Amino acid sequence: MTTSNTGTSDVDPAVREELAALRDSIDAAVVHMLAERFKCTQQVGRLKAEHRLPPADPARENRQITRLRALAENAKLDPAFAEKFLNFIIAEVIRHHERIADDTTKNTLTGPTSSTGAPAPTTG
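In the working numbering, the protein residues as written are 8 to 131.
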């Protein structure tokens with residue numbers, strides 16, 4: 008979002024820079040936490056694929072939304088925003104799980120392949 012700088016001449020530039028640096032640090036932490044979360048959900052996706060479980064788990068998703076809304080309220084964050092954010096993450100996780108399941112099915116039918124699509128070398 009872009010805002011005008013008019014009327015900000017009385018704001019101490021050092022304070023603005025300090026707040027910008029704080030926001031940047033928080034943004035970096037959020038990105039790193041999301042990366043860790045997605046590493047975990049990739050493992051879950053592989054487990055689901057191996058056991059032929061569905062990519063989505065609506066009951067768990069509903070419990071998570073309820074839990075996150077309560078966390079948001081306690082943190083003085085708009086619960087509706089928190090729910091939208093979680094729904095976005097859930098949709099991405101499901102998409103990943105579907106891709107993992109598809110890849111697992113293909114590998115089961117055709118055998119593992121290398122990153123180039125050629126059959127992977129067998130060992131042992």
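Beta carbons are placed, not taken as given, at the ideal position from N, Cα and C, and that holds for glycine. Values in this document were obtained by computation on a predicted structure and should not be read as measured data.
Determine the direct distance from the alpha carbon of residue j to that of residue i, and round the result to whole angstroms.
| i | j | result |
| --- | --- | --- |
| A56 | T111 | 6 Å |
| T48 | I96 | 10 Å |
| T130 | T117 | Confidence is the limiting factor: at T130 the pLDDT is only 45, short of 50, which leaves the residue's position unreliable and the question unanswerable from this model. |
| A98 | E68 | 10 Å |
| P128 | E80 | Because the pLDDT of P128 is 49, which lies under 50, any placement of that residue in the model is unreliable, and the number read from its coordinates should be weighed accordingly. Straight-line Cα distance between these residues: approximately 53 Å. |
| D17 | H39 | 35 Å |
| S32 | A21 | 16 Å |
| V37 | A77 | 19 Å |
| N114 | H58 | 14 Å |
| A63 | I101 | 6 Å |
| A66 | H104 | 16 Å |
| Q50 | D19 | 47 Å |
| R74 | E90 | 10 Å |
Would you mind working out which of the options sits nearest residue i, comparing C-alpha positions?
| i | options | result |
| --- | --- | --- |
| D109 | A27, R53, E99 and P20 | R53 |
How close, in whole Å, do the beta carbons of residue i and residue j come, if the pair is a contact with beta carbons under 8 Å?
| i | j | result |
| --- | --- | --- |
| I107 | L93 | The pair is not a contact, with the Cβ atoms about 20 Å apart (cut-off 8 Å). |
Practice prompt. Would you be able to state if there are at least three C-beta pairs under 8 Å between the stretch 75 to 87 and the stretch 39 to 47?
Written response: no
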